[in-house]
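Structure first, commentary second.
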Amino acid sequence: QGPLMSEHVPLQHLWRLDLVMLTEEYDRSLVLLRRLLGWSLADLLYLRLKESSGHQQALASRFERWLYGAVANTSEGSAANLMWQRCVLSDETRLYFWAQQRFREQLRVAAPGIEQEERRFAELQAELAAACSG
C-alpha cells in the first residue's frame, strides 16, 4: 500500500468527474461525451477493428448480473455489504463497480432522447462500415 501519492484520489472524490465512460458501453459513452462537448454524431464516427463475439458479450453480461445481484441483495451501507466489498472486491474491482454506478447515474440524468441518439449513431456507424468495406 505505502504512502499516498498525488495520483491517488479517494473514491468519494471521483463523483466530481463530469463524465465516466465504460469500454463495454463504448458507443453509449460516446453519445454522453457528444452531449457534454456539444459535438455532432458525425464527430463520433469510428471504424471497429474487431467485433466482440456473442460468447464474450454473454459472459460479460452474466458476470455483470452476478456482480450486481450480489450487491443488490444487501443495502449499500449494511455491514453485510461492507464485508462483501472488503472480502470479495479488490480495489480495482471496487473502482470499476463505482464507475458502473456513476455511468448508470449519468444515463439516468441524460435519459431524455438518449436511446434515439444511440439508434441514430448505430445507423451512422453501420453506414460508415458499409461504405468502407466495399
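Start counting the sequence shown at 19; every next residue gets the next number (our numbering).
Think of the CB as a built atom: it goes at the ideal place given N, C-alpha and C, for glycine as much as any other residue.
Small disclaimer: the values here were computed from a predicted structure and weren't measured.
Counting only the Cα atoms, Ala60 lies some 10 angstroms from Leu146. Distance from the Cα of Ala148 is smallest, within the candidate group Leu37, Glu42, Leu40 and Tyr64, for Tyr64. A direct Cα-Cα distance of roughly 41 angstroms separates Glu135 from Ala97. Cβ-Cβ separation between Leu50 and Ala128: approximately 6 angstroms, consistent with a contact (criterion under 8 angstroms). DSSP places Leu50 in the uninterrupted alpha helix (DSSP H) bounded by Tyr44 to Leu55. Counting other Cβ atoms within 10 Å of its Cβ, Leu67 stays below 16 and is therefore classed as exposed. Residues Leu54 of the same chain have their beta carbon placed closer than 7 angstroms to that of Asp36, with the five preceding and five following residues left out of the count. A Cβ-Cβ separation of about 7 angstroms places Leu125 in contact with Ile132 under the 8 angstroms criterion. Here DSSP, grouped into helix, strand and coil, assigns Arg66 to coil.
A straight-line Cα-Cα distance of about 19 angstroms links Phe121 and Arg137. Contact between Asp45 and Ala140 holds, with the beta-carbon distance rounding to 7 angstroms and staying under 8 angstroms.
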